[in-house]
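Data block below; observations after.
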Amino acid sequence: MTFTKNSLEERLELGELVTFTPSPFRLPTGDDLAFLMQQQLSSTAHKNISYNPAEHSVSSFVQHSSEQADRLRTLMRDFSQHVQSWLATLLPRYAQAWQPDRASLRTAEEATRKLRMTARNDLLHFDAFPSRPTRGYRILRCYVNINPIDDRVWTTSETFARVLDKYGEQVGFPTHDSNTWVRKIGQGILGLFQPNVLERTGYDDFMLRLHHFLKTNEDFQERSPRRLWHFKPGTAWLLFSDTISHAELRGQYALEHSFFVAPETLALPEESPPMQLERLCGASVLSNAA
Ligand SMILES: [Fe+2]
21 MTFTKNSLEE RLELGELVTF TPSPFRLPTG DDLAFLMQQQ LSSTAHKNIS YNPAEHSVSS
81 FVQHSSEQAD RLRTLMRDFS QHVQSWLATL LPRYAQAWQP DRASLRTAEE ATRKLRMTAR
141 NDLLHFDAFP SRPTRGYRIL RCYVNINPID DRVWTTSETF ARVLDKYGEQ VGFPTHDSNT
201 WVRKIGQGIL GLFQPNVLER TGYDDFMLRL HHFLKTNEDF QERSPRRLWH FKPGTAWLLF
261 SDTISHAELR GQYALEHSFF VAPETLALPE ESPPMQLERL CGASVLSNAA
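Numbering of the sequence shown is given in the numbering used here, commencing with residue 21 and proceeding in unit increments.
Below, the structure written as structure tokens:
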């Protein structure tokens, strides 16, 4: 399939991964790059070092001194601002209402890290964040390989539309009242620890179920068509990670920024995962859990 006649927004929304070589936004170099590459995750419970631009805070890193923490915060803020200003020029229709989410620093080697099954990056999946439901917003992610020598290697496979058609019924479509009490109890417990967490919709629950289903589904992991990507040092790439299935196979040292894109700014709103799901299951999937 080719998307060459479509706008960039349409290409992304239909599940294309788009690369940019060299990176179109400024990257850390010299001592700053070396400093970022030295940072370590504070525990295996966290997948990445995380920067929250709304709070200007960094979490999940091993802190040695306040100077180190300040420098890391500053470098992550710079990265966040550079990506935001580039993307706002590239995709202005999204920027008018998007919500910048977290940025992350990835210093672990993907090929050898030990993660529980549902957290593994090397298994094909669509993204769904358990603690940050999108409620119908789309997940746009920008990655850049800051490794000065080695490629970052990914694979991508089928789009949400094809996977929904193939496995949606097995995953279990949302209904008006299915599992409501289970979801309420689960979110009540989560809310005790994260009081600001938003309530999940039927769509968010479905995306979480789909995420876990695909990672443990041998048929999908072993037999779905794959495209292999070798992202060279300094290459950036963009994708809607709720629309194209993907896995990270190998690579160390990357930066990433996520954005929640508002449904009303999409070029092809009817092709969005929540709208596709709604059409197929015949129920509203974006209302609050009843
Ligand atoms: Fe992912």
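Note that the Cβ used here is the ideal one computed from N, Cα and C, for glycine as well.
If you're wondering where the values come from, they're calculated on a predicted model, not measured in any experiment.
Neighbourhood of residue i by C-beta distance below 6 Å, restricted to the same chain and skipping five residues each side
i, result
"Q119", "F280"
"R246", "T175, S177"
"S198", "Interpretation of S198 is limited by its pLDDT of 48, a score under 50 that renders its predicted location unreliable; the figure taken from the coordinates is listed afterwards. None."
"I205", "Per-residue confidence for I205 stands at a pLDDT of 49, beneath the threshold of 50, marking its modelled position as unreliable; the derived number appears in the next sentence. There are no such residues."
"T168", "Correcting the residue type first, residue 168 is Pro in the shown sequence and not Thr. If we look at P168 and ignore the five residues flanking it on each side, its Cβ neighbours are P253."
"H145", "H231, L234, K235"
Which listed residue (the options) has its alpha carbon closest to that of residue i
i, options, result
"T236", "V191, G271, T64, S261", "V191"
"D170", "K252, L160, L34", "K252"
"S77", "E87, L228, R97", "R97"
"A74", "S278, G302, A287", "S278"
"S105", "V38, P44, V183, N26", "P44"
"L259", "E33, E129, D142, K25", "E33"
"Q241", "T64, L228, Y71, H266", "H266"
"R172", "L28, E276, F55, P294", "E276"
"A54", "L92, W249, L28", "L92"
"F356", "F193, T94, I264, A108", "Limits of the chain in this structure are 21 at one end and 310 at the other, which puts residue 356 out of reach."
"V103", "R182, D121, S86", "D121"
Sequence-distant residues of the same chain with beta carbon closer than 7 Å to residue i, five excluded per side
i, result
"P283", "G156, Y157, P289, S292"
"G188", "L300"
"D147", "I159, S261, D262"
"T285", "R113, Y114, Q116, A117"
"S304", "E298"
Limits of the alpha helix (DSSP H) - the one that residue i falls within
i, result
"F280", "Segment 274-281 is the beta strand (DSSP E) holding F280; no alpha helix (DSSP H) there."
"W106", "86-110"
"H66", "No alpha helix (DSSP H) contains H66, which DSSP labels as neither H nor E."
"H232", "222-235"
"E30", "28-33"
"V183", "180-191"
"E238", "238-243"
Supposed contact pair residue j and residue i - C-beta distance, whole angstroms, cut 8 Å
i, j, result
"T4", "I69", "Outside the modelled stretch of the chain, which goes from 21 to 310, sits residue 4, for which no answer is possible."
"V311", "A274", "This structure leaves residue 311 out entirely; the chain is present only between 21 and 310."
"A139", "R270", "Incorrect: roughly 17 Å between the Cβ atoms, too far for contact."
"V38", "R46", "Contact doesn't hold; Cβ gap of about 19 Å is too wide."
"P294", "L228", "Going by Cβ atoms, the distance from P294 to L228 rounds to 14 Å, so no, they are not a contact pair."
"S27", "Y71", "At roughly 30 Å, the Cβ-Cβ gap does not stay under 8 Å, so S27 and Y71 are not in contact."
Residue span of the beta strand (DSSP E) that contains residue i, given as start and end
i, result
"W249", "247-251"
"F40", "38-40"
"L259", "256-260"
Other residues of its chain near residue i: CB distance less than 8 Å, five sequence neighbours each side excluded
i, result
"V82", "Q59, Q60, L61, S62"
"F233", "Y187, Q190, V191"
"T41", "K252, G254, T255, A256"
"F311", "Residue 311 is absent from the structure shown; the chain starts at 21 and stops at 310."
Residue ranges of each beta strand (DSSP E) within the region 124-170, 3 or longer: 158-165
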